[in-house]
Amino acid sequence: MTVEDSDQVAQRRANLEELKKLGVEAYPRRFDPQASIEEIVRAHGGKTREELEASPITGRTAGRVLAIRSFGKANFLVLSDGRSKIQVYIRQDALSARDFSIYKLLDFGDWVGVEGKLFRTKTNELTIWASQLEFLAKCLLPLPEKWHGLQDVEIRYRQRYLDLIVNPDSRRVFEVRSRVVAAVREFLIGRGFLEVETPMMQAVPGGALARPFVTHHNALDMKLYMRIAPELYLKRLTVGGIERVFEINRNFRNEGISTQHNPEFTMLEFYWAFADYHDLMALTEELLPGVARAATGTDEVPYGDATISLKAPFRRLSLREAAREAASKTLGAEIPAGALRSREAAASIASRLGVEVAPAMGAGKITAEIFETLCEAELVQPTFVYDFPTEVSPLSKQKPDDPDTVERFELYIAGVEIANAFSELNDPAEQRRRFEEQLRQRAGGDDEAHAMDEDYVRALEYGMPPAGGEGVGIDRLVMLLTDSPSIRDVILFPLMRPKAGATHGSPVDE
RNA sequence: GGGCCGCUAGCUCAAUUGGCAGAGCAGCAGACUCUUAAUCUGCGGGUUGAAGGUUCGAUUCCUUCGCGGCUCACCA
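In this text, residue positions in the first sequence follow the working numbering: the first is 1065, and each later residue adds one.
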């Protein structure tokens, strides 16, 4: 039996028909609430019974019916606007016969508008004593149970609207998310950054090492890629003289799905002319605690069993040193400094650690693998991991005294990479060499290696100012700030495999 | 893609060794003029994710498939 033909739905349809017979419009055009439920509760929730009697207040609001408690001639509704709830007292002798008939035909989930004086019941609950009841929309399908709510995570993700109706915590997560994005914008705009939008569909997908989604433009008959990063476009804008620029938008990567990965995810990227990666660390130490306070009220957030302090300064850890120390500890033998610089030594250490080494991987990539395997999960409190091998960083600027190392850091919190930043490579000749090296990697079977982008190199030839650039995973930041274990908990409509027979989202224009 | 786990009424969950598929909430009928998980009385509600197999008999055991969760790999 499907939901749609259950007896409960038949009953709801019958109640709707009864309403129509009474001359009640089933789907009226509008209602004019004087205030939302949230606003009424905020404005008057602190008033005592005596205060409400002394200076009567009329409330006019609307919401979804989440509970009905009936006593014959005296009845209570609970209305919700998704954030707050308010009780409505439905008394037969206070309402017109029509309005009381509407009450009797209500089902859980229906939308109604009410008007009446605010008072406190014997049990001291703020309540609207309804003098008017308007029917606003029918809920034809039964809602999840009122006490346990909706537990089935699959339905929570597929039918987010149900989750939002019955699980206030879910609503809270997306309100925090909205405040995070707003706070990031405010922070950057306040420091002179210009917000822009760059192409989501690109002929050459670049700016990250990842596999793209492919699509096709009919009129131009050309292959297009959903972007994996906005990086190369934003840096073109710094060439154009936009010295501080940022974008908050979606990236698309055709890779696995996990608690930390959704195929489309939201990224902040910003570029700051005349700054380097040290400046970016300092800015990040301001940005994150500020955003946390704006979104949640605190910069010390619970996450799982841990309490994460986002207060500056963050710990700093050299990637090679972290990998060397962790490997020494795991193997029980001190690895000499510099050993990870040699491919032979690095490969030997990796194989002893059980880290897989592909033939095309150089010392740098092997070191990065060792770091990810041994260290990542241990970095619970905010930690800048800095100075990456050049091999894994084709767009970053080298250190002046060490061409095998670039000025790059990643910020780890709760074992997860939250941000990735570097001093931007702006030497076109060196950039071309890096792209060519990536092409060799690609020829060697690495289909995540970076593609050549001739126009980007040309842009650098016009002169890009020295700049620092950083990407921050907004979804992961929101996970952290809402204590959410899965990225799907912070994305309203995460990608799900369609159910067999489902028509939702099927293409109609082919 | 691999491994492990799950899928039973609208929702949340039971069901002993393989032996009549149940409860609470929701729904329906009734009582009740301040309840708040309201209460009380009575009544309906199932292709146990799908298809096969074993068996006198399958929610239970076996096979395949679907969807999901966790995890490993890849990645941010």
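Each residue gets a CB set at the ideal place from its N, CA and C atoms; glycine is no exception.
Start-to-end residues for the beta strand (DSSP E) that takes in residue i
i, result
"Ile1150", "1149 to 1155"
"Glu1420", "Neither: Glu1420 is in no beta strand (DSSP E) and is coded neither H nor E."
"Arg1308", "1308 to 1316"
"Phe1486", "1480 to 1487"
"Gly1354", "From DSSP, Gly1354 is part of no beta strand (DSSP E) but of the alpha helix (DSSP H) over 1341 to 1360."
"Met1560", "Here Met1560 belongs to no beta strand (DSSP E), and DSSP marks it neither H nor E."
"Ala1376", "Run containing Ala1376: none; DSSP gives neither H nor E here."
"Arg1133", "1122 to 1134"
"Leu1141", "1138 to 1144"
"Phe1452", "1447 to 1453"
"Val1278", "1278 to 1281"
"Ala1337", "1328 to 1337"
"Lys1287", "1286 to 1290"
Under 7 Å between C-beta atoms of residue i and residue j
i, j, result
"Ile1434", "Ala1391", "yes"
"Pro1294", "Glu1311", "yes"
"Arg1379", "Thr1447", "yes"
"Lys1442", "Ala1483", "Before going on, a small fix: residue 1442 reads as Glu here, not Lys. No, these two residues do not count as a Cβ contact at 7 Å."
"Ala1158", "Thr1125", "no"
"Leu1169", "Glu1081", "no"
"Thr1262", "Tyr1297", "yes"
"Gly1303", "Tyr1526", "The sequence shown places Val at residue 1303, rather than the Gly named in the question. Yes; because the gap between Cβ atoms is below 7 Å, this pair is in contact."
"Phe1164", "Val1088", "no"
"Lys1210", "Asp1174", "no"
"Ala1467", "Gln1502", "According to the sequence as given, residue 1467 is Pro; it is not Ala. Cβ atoms of Pro1467 and Gln1502: not closer than 7 Å."
"Val1421", "Ala1432", "no"
"Val1240", "Ala1359", "yes"
"Ile1538", "Leu1332", "yes"
"Asp1517", "Val1309", "no"
"Leu1556", "Arg1128", "no"
"Pro1529", "Ala1337", "yes"
"Leu1095", "Gly1177", "Reading the sequence as shown, one finds Phe at residue 1095 and not Leu. Yes. Within cutoff."
Exposure label - residue i; buried when at least 16 CB within 10 Å
i, result
"Tyr1091", "exposed"
"Phe1452", "buried"
"Ala1523", "buried"
"Asn1282", "exposed"
"Pro1571", "Caution applies to Pro1571, whose pLDDT of 35 falls short of 50 and renders its modelled position unreliable; the model cannot decide the point."
"Lys1084", "exposed"
"Pro1423", "exposed"
"Ser1487", "buried"
"Leu1559", "exposed"
"Thr1454", "buried"
"Gln1075", "exposed"
"Thr1279", "exposed"
"Thr1575", "Examination of residue 1575 is not possible in this model, given that the chain is present from 1065 through 1574 alone."
"Arg1416", "exposed"
"Asp1573", "Because the pLDDT at Asp1573 is just 30, under 50, the model does not fix this residue reliably, and the point stays unresolved."
"Ser1460", "buried"
"Glu1398", "exposed"
"Lys1393", "exposed"
Extent of the continuous alpha helix (DSSP H) run through residue i
i, result
"Ile1434", "1427 to 1438"
"Ile1101", "1101 to 1108"
"Ser1392", "1383 to 1395"
"Thr1546", "1538 to 1546"
"Asp1468", "From DSSP, Asp1468 is part of no alpha helix (DSSP H) but of the beta strand (DSSP E) over 1466 to 1477."
"Tyr1520", "1518 to 1525"
"Val1365", "Unbroken run through Val1365 is the beta strand (DSSP E), 1364 to 1367; no alpha helix (DSSP H)."
"Phe1499", "1492 to 1507"
"Val1444", "Taken as a continuous stretch (DSSP letters only), Val1444 belongs to no alpha helix (DSSP H), as it is neither H nor E."
"Ala1515", "No alpha helix (DSSP H) holds Ala1515; DSSP gives it neither H nor E."
"Arg1405", "Arg1405 -> no alpha helix (DSSP H), and no H or E assigned at all."
Nearest-angstrom beta carbon gap, residue j and residue i [assumed within contact, 8 Å]
i, j, result
"Val1105", "Ser1148", "5 Å"
"Trp1193", "Tyr1167", "The pair is not a contact, with the Cβ atoms about 13 Å apart (cut-off 8 Å)."
"Ile1430", "Ala1411", "6 Å"
"Leu1475", "Thr1348", "6 Å"
"Val1244", "Val1355", "6 Å"
"Arg1133", "Arg1184", "At roughly 17 Å, the Cβ-Cβ gap does not stay under 8 Å, so Arg1133 and Arg1184 are not in contact."
"Val1260", "Leu1301", "6 Å"
"Val1449", "Ala1478", "Wrong, their Cβ atoms sit about 14 Å apart, outside the cutoff."
"Gly1532", "Asp1340", "5 Å"
"His1575", "Gly1270", "Nothing about residue 1575 can be read from this structure; the chain reaches only from 1065 to 1574."
"Thr1546", "Val1237", "5 Å"
"Met1162", "Leu1226", "For clarity, residue 1162 is Arg in the given sequence; the question names Met instead. The pair is not a contact, with the Cβ atoms about 31 Å apart (cut-off 8 Å)."
"Asp1363", "Pro1353", "4 Å"
Residue i CB to nearest heavy atom of the ligand FMN below 6 Å
i, result
"Lys1299", "Summarising the ligand content, the structure contains no ligands, and the ligand FMN is consequently not present."
TODO: Could I get the ranges of all uninterrupted alpha helix (DSSP H) runs contained in the stretch 1218 to 1264, with 4 residues as the minimum, in chain order?
DONE: 1224 to 1230, 1232 to 1254
Open item on the list: In chain order, what are the residue ranges of uninterrupted beta strand (DSSP E) at least 3 long that sit wholly in the stretch 1156 to 1192?
Closed with: 1175 to 1184
Task: Ranges of the alpha helix (DSSP H) found wholly within the stretch 1068 to 1100, counting only runs of at least 4 - done: 1071 to 1085
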